[in-house]
Amino acid sequence: EKGGYDHFMLKEIHEQPKAISDTLTGRISEDGTKVVFDELNFPEGFAKDIDRIHILACGTSWHAGMVGKYAIEKLTRIPVDCEIASEYRYRDPIVSKNTLLIAITQSGETADTLAALRQAKEQGTRVLAITNVVGSSAAREADDVIFTWAGPEISVASTKAYTTQLTALYLFAGWLAQERGAAGAAEVPAMLTALRDMPAHAETVLETAPAIQAFAKDWSSREHAFFIGRGLDYEVSLEGSLKLKEISYMHAEAYPAGELKHGTLALIVEDIPVIALVTQDDLYEKTISNIQEVKARDAFVLALAWSGDTEIGKTVDQVIHIPKVSAFLAPILAVIPLQLLAYYASVARGNDVDNPRNLAKSVTVE
Ligand code: M6R
Numbered sequence: 245e246k247g248g249y250d251h252f253m254l255k256e257i258h259e260q261p262k263a264i265s266d267t268l269t270g271r272i273s274e275d276g277t278k279v280v281f282d283e284l285n286f287p288e289g290f291a292k293d294i295d296r297i298h299i300l301a302c303g304t305s306w307h308a309g310m311v312g313k314y315a316i317e318k319l320t321r322i323p324v325d326c327e328i329a330s331e332y333r334y335r336d337p338i339v340s341k342n343t344l345l346i347a348i349t350q351s352g353e354t355a356d357t358l359a360a361l362r363q364a365k366e367q368g369t370r371v372l373a374i375t376n377v378v379g380s381s382a383a384r385e386a387d388d389v390i391f392t393w394a395g396p397e398i399s400v401a402s403t404k405a406y407t408t409q410l411t412a413l414y415l416f417a418g419w420l421a422q423e424r425g426a427a428g429a430a431e432v433p434a435m436l437t438a439l440r441d442m443p444a445h446a447e448t449v450l451e452t453a454p455a456i457q458a459f460a461k462d463w464s465s466r467e468h469a470f471f472i473g474r475g476l477d478y479e480v481s482l483e484g485s486l487k488l489k490e491i492s493y494m495h496a497e498a499y500p501a502g503e504l505k506h507g508t509l510a511l512i513v514e515d516i517p518v519i520a521l522v523t524q525d526d527l528y529e530k531t532i533s534n535i536q537e538v539k540a541r542d543a544f545v546l547a548l549a550w551s552g553d554t555e556i557g558k559t560v561d562q563v564i565h566i567p568k569v570s571a572f573l574a575p576i577l578a579v580i581p582l583q584l585l586a587y588y589a590s591v592a593r594g595n596d597v598d599n600p601r602n603l604a605k606s607v608t609v610e
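Under the UniProt record's numbering, read the sequence shown as residues 245 to 610, first letter to last.
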């Protein structure tokens, strides 16, 4: 049942190229230029009327939502908030009939996300669920549903759910931009071409596994690690850090690279592992100077950078290269080495990878 892999998590990491491809299937027009979402039944004019979007989720799905916020804002210029469902449900969010609420939940059964979804519906807010489980509570209760076609995710640590949620969110951002005739719609055909290449690129990223395994082994006796990045690299860092904590039980923190000097730099000491994500071209120089700040304190820096980046090796101790795509779509590929890192660190520490302590796959209680 694990298809020859030692753990479900590793199997699911390797299923990502197919899961991304399945999530794209049927959602791109034949000429490759338009997003097709036959499943969306927005009332007449609603796509144009939306003036605010709230994204709600927990854990990994929340991290996907952070990338979704960036994508939707970039392509549609609609303001988007992305919040943790257990926070959102206990405050008094500002919504109107032109608000769209997007609930992201792999299982479709997370109690806090469902509570937030129900609360929004009671207030008359239209709810779109992005979920992986057909027939789940979220799928049944939302006004609209976009399914991620990741297939069953067994391991508690979420992997292919995240990359398919990202795929669905990029598609939705593109669809909404096209429906509204937003300026960002002009970028959608190129994004769709790039998304169709993503499964093949993800296969290439999976080839980094041996290098990551070696690094994880060397380094698995440490107790602390930092993940740093700027822009979308920071959002992916959040996911890398959660994954490492969840299954390796190492303490990890994700930090926006520019924020380190406001306190956290005090924790950067000799040999502490810092994983630096460097895929955001516009922020390249800024990130490099933040890496220099941690190198000046003798941290050990593993960078995740584009293939073809020959400069980065001069600043850091080790580099993992991933195929070059647009910075906008980088999260889909950048997360994969971080999933592998958490996986191999967990294995090296002798943990029960698929069933980490204190955690359940689906959190159906508050
Ligand atoms: O099923 P959901 O997407 O609603 O689950 C949300 C979180 O519980 C989940 O993503 C959790 O953070 C994962 N175990 C992380 O790997």
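For glycine and all other residues, C-beta sits at the position ideal for the given N, C-alpha and C.
If you check the CB distance, Ala501 and Gly484 do not come in under 8 Å. Measuring C-alpha to C-alpha distances from Arg321 to each of Lys487, Gly418, Glu451, Ala549 identifies Gly418 as the nearest. One alpha carbon belongs to Arg593, the other to Leu577, and they sit about 26 Å apart.
Distance from the C-beta of Glu490 to the nearest heavy atom of the ligand M6R is below 7 Å. In the displayed model, Trp419 falls within a helix according to three-state DSSP. By the 16-neighbour rule on beta-carbons within 10 angstroms, Glu514 is exposed.
Counting along the chain, Tyr314 sits inside the alpha helix (DSSP H) bounded by residues 303-320. Set against 7 Å, the gap from the CB of Lys487 to the closest heavy atom of the ligand M6R is smaller. In this structure, the CA atom of Leu410 is about 21 Å from the CA atom of Ser381. With contacts defined by Cβ atoms closer than 8 Å, His565 and Ala586 do not form a contacting pair.
Nearest to His251 by alpha-carbon distance, out of Ala434, Val597, Ser606, is Val597. The alpha helix (DSSP H) runs of length 4 or more contained entirely in the UniProt domain "SIS" (455-600) are, from start to end of the chain, 476-492, 528-539, 574-592. The ligand M6R has a heavy atom closer than 7 Å to the beta-carbon of Gly303. Only residues of its own chain outside the window of five on either side were considered, and among them Arg474, Gly475 have a CB closer than 7 Å to the CB of Leu527, listed in chain order.
Residue side-chain check: Val597 keeps its Cβ at 7 Å or more from all non-hydrogen atoms of the ligand M6R.
Using a Cβ-Cβ distance cut-off of 8 Å, the stretch 342-359 and the stretch 367-376 are in contact, since at least three pairs of beta carbons, one from each stretch, lie closer than that value. Proximity to Glu423 across Ser570, Phe281, Thr267, Ile257 peaks at Phe281, based on C-alpha coordinates. Taking the Cβ of Thr411 as the reference point, every heavy atom of the ligand M6R lies at 7 Å or farther away. Exposure of Val378 is indicated by the presence of fewer than 16 other C-beta atoms within 10 angstroms of its C-beta. In the structure shown, Ile294 adopts coil according to DSSP, grouped into three states. Contact check for Leu482 and Met310: beta-carbon distance about 7 Å, within the 8 Å limit, so the pair qualifies.
Annotation: Ala394 is outside any alpha helix (DSSP H) and is labelled neither H nor E by DSSP. Separation of Ala434 and Ile316 (C-alpha to C-alpha, rounded to the nearest whole angstrom) is 16 Å. If only complete runs of 3 or more residues are kept, the stretch 322-368 shows the beta strand (DSSP E) at 324-328, 343-349, in order along the chain. Taking the Cβ atoms as the reference, Ala263 lies roughly 6 Å from Gly395, within the contact range of under 8 Å.
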